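Presented below is the structure to which this report refers.
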Amino acid sequence: MDQFKQISTFVEVAAKGSLSAAARAEGIAPAMIGRRLDALEERLGVKLLQRTTRKIALTNEGEAFLEDCQRILSDLENAESAVSERSAHASGHLLISAPAGFGRQHVAPLMPSFLTEHRDVTLTLNLNDRVVDLIGEGIDVAIRIASLSDSSLVGAKLADNKRIVVASPSYIRRHGKPETVDELQKHNCLAMSSEGSQRGWSFRQNGKIVTIKVEGNMVCNDGQVLHDWALAGKGLAWRSMWEVGSEIESGKLVTVLDEFAAPGNDIYAVFAQRRHLPLRIRVFVDFLRRAYAQPDYWRHG
1 MDQFKQISTF
11 VEVAAKGSLS
21 AAARAEGIAP
31 AMIGRRLDAL
41 EERLGVKLLQ
51 RTTRKIALTN
61 EGEAFLEDCQ
71 RILSDLENAE
81 SAVSERSAHA
91 SGHLLISAPA
101 GFGRQHVAPL
111 MPSFLTEHRD
121 VTLTLNLNDR
131 VVDLIGEGID
141 VAIRIASLSD
151 SSLVGAKLAD
161 NKRIVVASPS
171 YIRRHGKPET
181 VDELQKHNCL
191 AMSSEGSQRG
201 WSFRQNGKIV
211 TIKVEGNMVC
221 NDGQVLHDWA
231 LAGKGLAWRS
241 MWEVGSEIES
251 GKLVTVLDEF
261 AAPGNDIYAV
271 FAQRRHLPLR
281 IRVFVDFLRR
291 AYAQPDYWRH
301 G
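Letter by letter, the sequence shown follows residues 1 to 301 of UniProt numbering.
Here it is as structure tokens:
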């Protein structure tokens, strides 16, 4: 407690600019402030403040220490606020954005349970595949399956996202199972198109991530269509586990080339700021993280 008092007093003196001002703010004698500072400097073995009868000035060591102390006190304040908010009552409206396919399958079905836990929260769920402007559109939280390239946004990871090549058992019986990435050229690959160009499939080969362009007689810009074509036995598809996990579990789809699987883009909740998030956003993010962390969720979700 004495160490904390010394640190908080040091920060207060630096902010107020004098011992007497800090003493008035705390309602104690200036001599007490001076004794705390003396004890702090003696304990650290460095001079933090140059003190005269008229003013104080931070030493180089004092400036560096002040920055660390301010961060520590801020973190402590945030921790106390977080504990208080957890016992508080979440309320208000949430505007949520999510990719269409993922949102239909893994966000929308969970919302009734979320609202049962938090009865004073209401929500709007917007499903679309464009990258939304959180600030410009007033979005509270967006679900994104991607690497976070916008440093102005804060992301809370919700789950890993594995990308795998799948096919129906009937397709494998007719055409065989590829054992290497090179063998994909012998197969009908159901590719995703984006703005007129085909997206490549990524694999790990010889310790490196490679992206290859596959060939097939069916291309589409909608992932659900590729999913349906794969289930119908029309070819191989490169999909996310969140989309095909339940079909793999039921045997409707099988995976191939698992040993070459490249790291996927993880699933994040993103928002415009980290500090002072409304409680309704915090509990929503925690709710999704808990749901997705359940054993075998992605094989049954």
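Note that CB positions come from ideal geometry on N, CA and C, so glycine has one too.
Just so you know, these numbers come straight off a predicted model, no measurement behind them.
- Item | Secondary structure of Ala98, DSSP reduced to three states | Strand.
- Are the segment 157-169 and the segment 244-262 in contact at 8 Å, needing three or more beta carbon pairs? yes
- Would you decide whether His89 is buried or exposed? Buried here means 16 or more other CB atoms lie within 10 Å of its CB. Counting other Cβ atoms within 10 Å of its Cβ, His89 stays below 16 and is therefore classed as exposed.
- Item | Endpoints, alpha helix (DSSP H) assigned at Val270 | It is not in any alpha helix (DSSP H) - Val270 instead sits in the beta strand (DSSP E) that spans 267-271.
- Message: I'd like to confirm the pairing. Which residues does DSSP put opposite Lys157 in its beta bridges?
- Response: Lys157 is bridged by DSSP to Tyr268.
- Task: Per DSSP, which residues does Met192 bridge with? Please list them.
- Result: Cys220
- Roughly how many angstroms separate the alpha carbons of Ala39 and Gln3, rounded to a whole number? 9 Å
- Taking only the alpha-carbon atoms, compute the straight-line gap between Leu125 and Leu66 and give it to the nearest angstrom. 44 Å
- Contact check, Gly245 vs Ala167, beta carbons under 9 Å: no
- Item | Presumed contact (8 Å Cβ cut-off) between Val154 and Gln273, rounded CB distance | For Val154 against Gln273, the beta-carbon gap comes to about 6 Å, under 8 Å, which counts as contact.
- Item | Backbone secondary structure at Val166 - three-state DSSP | strand
- Message: Quick check on the DSSP output: the beta strand (DSSP E) that includes Leu49 runs from which residue to which?
- Response: Leu49 -> beta strand (DSSP E) spans 49-51.
- If you compare alpha carbons, which of His106, Val214, Tyr268, Arg204 is closest to Leu184? Val214
- Message: How far does the beta strand (DSSP E) with Lys208 in it extend, from its first residue to its last?
- Response: Taken as a continuous stretch (DSSP letters only), the beta strand (DSSP E) holding Lys208 covers 208-212.
- Message: Could you tell me which whole alpha helix (DSSP H) segments of length 4 or greater appear in the segment 239-268?
- Response: 241-250
- So, do the segment 129-145 and the segment 89-105 have three or more beta carbon pairs nearer to each other than 8 Å? yes
- On a CA-only basis, which of Arg35, Ile145, Ile248, Asp182 is nearest Phe102? Give me that one, please. Ile145
- Are there 16 or more other CB atoms within 10 angstroms of the CB of Gly62, so buried, or fewer, so exposed? buried
- Item | DSSP-derived helix/strand/coil call for His187 | coil
- Are the segment 107-118 and the segment 237-251 touching by the rule of at least three beta carbon pairs closer than 8 Å? Verdict: no, contact absent.
- Message: Can you tell me which residues form a DSSP beta bridge with Val141?
- Response: Ile96
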